[in-house]
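For reference, the structure is listed below as structure tokens.
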Amino acid sequence: EAQVTQNPRYLITVTGKKLTVTCSQNMNHEYMSWYRQDPGLGLRQIYYSMNVEVTDKGDVPEGYKVSRKEKRNFPLILESPSPNQTSLYFCAVGRQEDSPLHFGNGTRLTVT
Amino acid sequence: GQSLEQPSEVTAVEGAIVQINCTYQTSGFYGLSWYQQHDGGAPTFLSYNGLDGLEETGRFSSFLSRSDSYGYLLLQELQMKDSASYFCAVTAGGYQKVTFGTGTKLQVIP
């Protein structure tokens, strides 16, 4: 069964405390991406990766880092979280341009 | 950059047909997709149009006109479970850079 696994589902943290949200996939797909979802703004792309060691900025990359050392994993790193990064985050995985994106179940992050 | 426009809310009656429009501005257009998201859930893929015309999948159809930078999602025989948010998304460039619209919240009423 195709799976995109995100952890944790919920996270409450304080300003400045580094955190990592993990994403892994079992589909052997090349493309992985992170989105944040905020009311009225839809899904905005943070970073994406076309393959191992190949990453690029999306529309809202400020304050985030990613890495793609293995094909199956694409962690999202917040080095110094701030309250404006409070959001719902989704990892998405795809095979190629005309194939569907498979989404993880989401991570609801609150930064106080 | 890319921008997409879709209505923020639509209300329709159970059993009826509803059309959700999406217009976009982008360079290097590759294709238009539609996703459904129920409250508290993750987006799930509905359909993809790479070429002009209509794609049909059961009760759902999607249409694309590349010359008009326009597409729509058509939902027929509406059911209460179709109440959800619907997002159009554009794939552009030589890479899979996918940009989503802000979503249309569909409410199906009895």
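Chain order of the listed sequences is D and U. Quick note, the first sequence lines up with residues 58 to 169 if you use the numbering used here. Quick note, the second sequence lines up with residues 3 to 112 if you use the numbering used here. C-beta: ideal position from N, C-alpha, C; glycine also.
- Counting the other CB atoms within 10 Å of its CB gives A91/U a total of 16 or more, which places it among the buried residues.
- A contact between stretches requires three or more CB pairs, one per stretch, nearer than 8 Å, and the stretch 102-109 of chain D meets this requirement with the stretch 118-130 of chain D.
- Against chain D, the CB of F47/U has a partner CB under 7 Å away; the residue lies at that interface.
- Along the stretch 77-109 of chain U, the positions whose C-beta sits under 7 Å from a C-beta of chain D are F89, T93, Y97, Q98, K99, V100, T101, F102, G103, T104, G105, read in chain order.
- Beta-bridge annotation (DSSP): H159/D is paired with V150/D.
- Annotated as distal: Y32/U and L6/U, with beta-carbon spacing of 7 Å or more.
- In the displayed model, N85/D falls within coil according to three-state DSSP, outside both helix and strand.
- The three-state reading of DSSP puts Q38/U in strand, counting E and B together.
- Taking C-alpha positions only, S137/D is separated from Y37/U by approximately 32 Å.
- When secondary structure is reduced to three states using DSSP, D113/D falls in the strand class.
- Counting the other Cβ atoms within 10 Å of the Cβ of A149/D gives 16 or more, which makes it buried.
- Listed in chain order, the non-local C-beta contacts of V100/U below 6 Å within the same chain comprise A91, T93, local neighbours out to five positions each way being set aside.
- As computed with DSSP, I69/D is found in a beta bridge with T167/D.
- Using a Cβ-Cβ cut-off of 7 Å, G161/D is close to A44 of chain U, given in chain order.
- Across the stretch 88-112 of chain D, CB contacts with chain U closer than 8 Å involve Y88, S90, Y92, G97, L98, G99, L100, R101, Q102, Y105, M107, in sequence order along the chain.
- For Q109/U, same chain residues with a beta-carbon under 8 Å away, outside a window of 5 residues either side, are E11, V12, T13, A14, S85 in chain order.
- Legend: CB atoms of the stretch 64-75 of chain D lying less than 8 Å from CB atoms of chain U are not found in any residue.
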